[in-house]
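> Pasting a structure here, questions to come.
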Amino acid sequence: MLDCRPKQLGAAGSWCAALPKDDSAALVLFSGGQDSTTCLAVALNKYPRVETIGFDYGQRHRVELDQRENIRRSLAERFPAWRGRLGNDHLVPIGGLAPISATAMTAPIEITTSETGLPNTFVPGRNLLFLTFAAAFAYRLGIKRIIAGMCESDFSGYPDCRDDTIKAMQIALNLGMDARFVLDTPLMWLDKAATWSLAEALGGPPFIELIIEETHTCYLGERTVRHDWGYGCGTCPACGLRAAGWRIFREGRKQNAKPLVS
Ligand code: ZN
Numbered sequence: 378m379l380d381c382r383p384k385q386l387g388a389a390g391s392w393c394a395a396l397p398k399d400d401s402a403a404l405v406l407f408s409g410g411q412d413s414t415t416c417l418a419v420a421l422n423k424y425p426r427v428e429t430i431g432f433d434y435g436q437r438h439r440v441e442l443d444q445r446e447n448i449r450r451s452l453a454e455r456f457p458a459w460r461g462r463l464g465n466d467h468l469v470p471i472g473g474l475a476p477i478s479a480t481a482m483t484a485p486i487e488i489t490t491s492e493t494g495l496p497n498t499f500v501p502g503r504n505l506l507f508l509t510f511a512a513a514f515a516y517r518l519g520i521k522r523i524i525a526g527m528c529e530s531d532f533s534g535y536p537d538c539r540d541d542t543i544k545a546m547q548i549a550l551n552l553g554m555d556a557r558f559v560l561d562t563p564l565m566w567l568d569k570a571a572t573w574s575l576a577e578a579l580g581g582p583p584f585i586e587l588i589i590e591e592t593h594t595c596y597l598g599e600r601t602v603r604h605d606w607g608y609g610c611g612t613c614p615a616c617g618l619r620a621a622g623w624r625i626f627r628e629g630r631k632q633n634a635k636p637l638v639s
């Protein structure tokens with residue numbers, strides 16, 4: 378039976394020791410949000426073995442982290458074709474980031490937008506650290522492909538979600554580790570509506586339902602209010618993007634629907 382519980386890095390045990398090089402495997406940065414869950418499905422469709430990695434960086438709300446296990450369990454239960462491909466989950470503690478950050482993601486301060494248009498939910502260096510830790514771990518696992526949900530088509534303006542940043546990181550990581558990692562960002566040029574469409578293409582209505590019920594995007598950690606697009610406050614920038622994408626996706630569905638009687 379698949380063990381969906383995350384494994385703390387550094388914990389006792391030999392859960393990932395001395396694995397052979399594996400070109401058919403992928404490591405997915407998996408936060409428990411809509412985008413990373415869609416990326417996980419992309420990977421499960423393509424690769425025979427898919428491991429997931431998440432980061433406990435002292436985020437203000439742990440809802441996303443809590444949902445990771447539920448999402449993995451639902452994927453394994455409801456998608457038999459993916460069950461055998463879903464490998465271990467790994468949770469990496471990054472304790473130093475929150476204390477040096479002053480952001481709405483790591484401290485109880487109001488979400489605002491700066492003069493540059495960047496919301497104060499931006500955590501400087503976060504994705505750069507995530508990719509570095511993921512590559513260090515992929516190095517140990519013998520995994521070449523690292524899949525992440527960064528997107529610059531329909532985003533909050535975070536500079537570490539831009540394609541140029543990811544390309545530069547790939548070069549830096551490969552130079553710094555003398556490796557040939559491929560940083561794959563399948564959502565980079567998709568807007569949020571297209572991300573919903575991709576999810577439907579990958580797993581059909583059951584996967585859409587899983588995303589709505591299990592994934593978490595809201596910056597405020599709100600999980601008591603359910604909308605047709607999922608749980609969240611409905612007003613923070615993350616909820617706004619998710620809801621707007623859902624509306625466009627749903628309208629597209631209606632337009633593409635074939636009439637029962639012509
Ligand atoms: Zn929200």
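If you want the working numbering, it's the 1-based position in the sequence shown plus 377. We put the beta carbon where it would ideally sit given N, CA and C, even for glycine. All values reported here derive from a predicted model rather than from experimental measurement.
(1) For the stretch 532-544 and the stretch 431-442, state whether three or more C-beta atom pairs, one from each stretch, are separated by less than 8 Å.
(2) Okay, do the stretch 571-590 and the stretch 618-626 touch, 3+ Cβ pairs below 8 Å being the bar?
(3) Is any heavy atom in the ligand ZN found nearer than 7 Å to the beta carbon of TYR596?
(4) With H, G and I counted as helix, E and B as strand and the rest as coil, what does DSSP make of ASP605?
(5) Between GLY609 and THR594, how many whole angstroms is the CB-CB distance? I'm expecting something under 8 Å.
(6) Which residue wins for smallest C-alpha separation from ALA403, given the options MET482, LEU474, ALA512, ASP412?
(7) For ILE486, name the three-state secondary structure that DSSP assigns.
(8) Roughly how far, in whole angstroms, is the beta-carbon of PHE510 from the beta-carbon of VAL469, given that I think they are within contact range, below 8 Å?
(9) Would you report the Cα separation of ALA556 and PRO614, rounded to the nearest angstrom?
(10) Can you list the alpha helix (DSSP H) stretches of 4 or more residues lying completely in the stretch 424-482, in chain order?
(11) Kindly examine the ligand ZN and report whether one of its heavy atoms sits closer than 7 Å to the Cβ of GLU599.
(12) Assuming GLY598 contacts ARG437 (C-beta within less than 8 Å), just tell me the rounded distance between them.
(13) Is it a yes or a no for the stretch 412-428 touching the stretch 540-559, going by three-plus beta-carbon pairs under 8 Å?
(14) Only counting runs of 4 or more residues, tell me where the alpha helix (DSSP H) segments fall wholly within the stretch 549-615, in order along the chain.
(15) So ASN504 and ASP537 are supposed to be a Cβ contact under 8 Å. How far apart are they, rounded?
(16) Under 7 Å: does the beta carbon of GLU441 sit that close to some heavy atom of the ligand PLP?
(17) For GLY622 and ASP412, what's the separation of their Cα atoms in angstroms?
(18) Considering ARG503, what are the terminal residues of the beta strand (DSSP E) in which it resides?
(19) For the stretch 479-492 against the stretch 446-454, are there 3 or more C-beta pairs whose distance is under 8 Å?
(20) Tell me the rounded alpha-carbon separation between GLY526 and ALA578.
(21) For the candidate residues GLY409, MET565, SER478, whose alpha-carbon lies nearest to that of PHE499?
(22) With H, G and I counted as helix, E and B as strand and the rest as coil, what does DSSP make of VAL405?
(23) If we ignore side chains and look at the alpha-carbon of each, how far apart do PRO496 and ALA481 end up?
(24) So, at 6 Å on beta carbons, what are the nonlocal neighbours of ARG547 in its own chain, with the 5 sequence-adjacent residues on each side left out?
(25) Which residues in the same chain as LEU564 place their Cβ atom closer than 6 Å to its Cβ, once the five residues preceding and following it in sequence are excluded?
(26) For LEU379 and PHE507, I'd like the C-alpha separation in whole angstroms.
Reading it off the structure:
(1) no
(2) Yes: at least three Cβ pairs fall under 8 Å.
(3) At least one heavy atom of the ligand ZN is nearer than 7 Å to the Cβ of TYR596, so yes.
(4) coil
(5) 6 Å
(6) Minimum Cα-Cα distance from ALA403 among the listed residues MET482, LEU474, ALA512, ASP412 corresponds to ALA512.
(7) coil
(8) 5 Å
(9) 36 Å
(10) 440-455, 457-460, 474-477
(11) yes
(12) Yes, they are in contact, since the Cβ atoms of GLY598 and ARG437 sit about 7 Å apart, within 8 Å.
(13) At 8 Å Cβ cutoff, the stretches do not touch.
(14) 569-591
(15) Confirmed, about 4 Å.
(16) This structure lacks the ligand PLP; its bound ligands are the ligand ZN.
(17) Roughly 12 Å separates the two Cα atoms.
(18) That residue, ARG503, is in no beta strand (DSSP E); its alpha helix (DSSP H) goes 503-518.
(19) At 8 Å Cβ cutoff, the stretches do not touch.
(20) 17 Å
(21) SER478
(22) strand
(23) 9 Å
(24) Reading off the sequence, residue 547 comes out as Gln, not Arg. Same-chain partners within the cutoff: LEU560.
(25) Excluding residues within five positions, the ones whose Cβ falls inside 6 Å are ASP412, GLY526, CYS528, THR572.
(26) Note that LEU379 scores 44 on pLDDT, short of 50, meaning its location in the model is unreliable and no value can be drawn from it.
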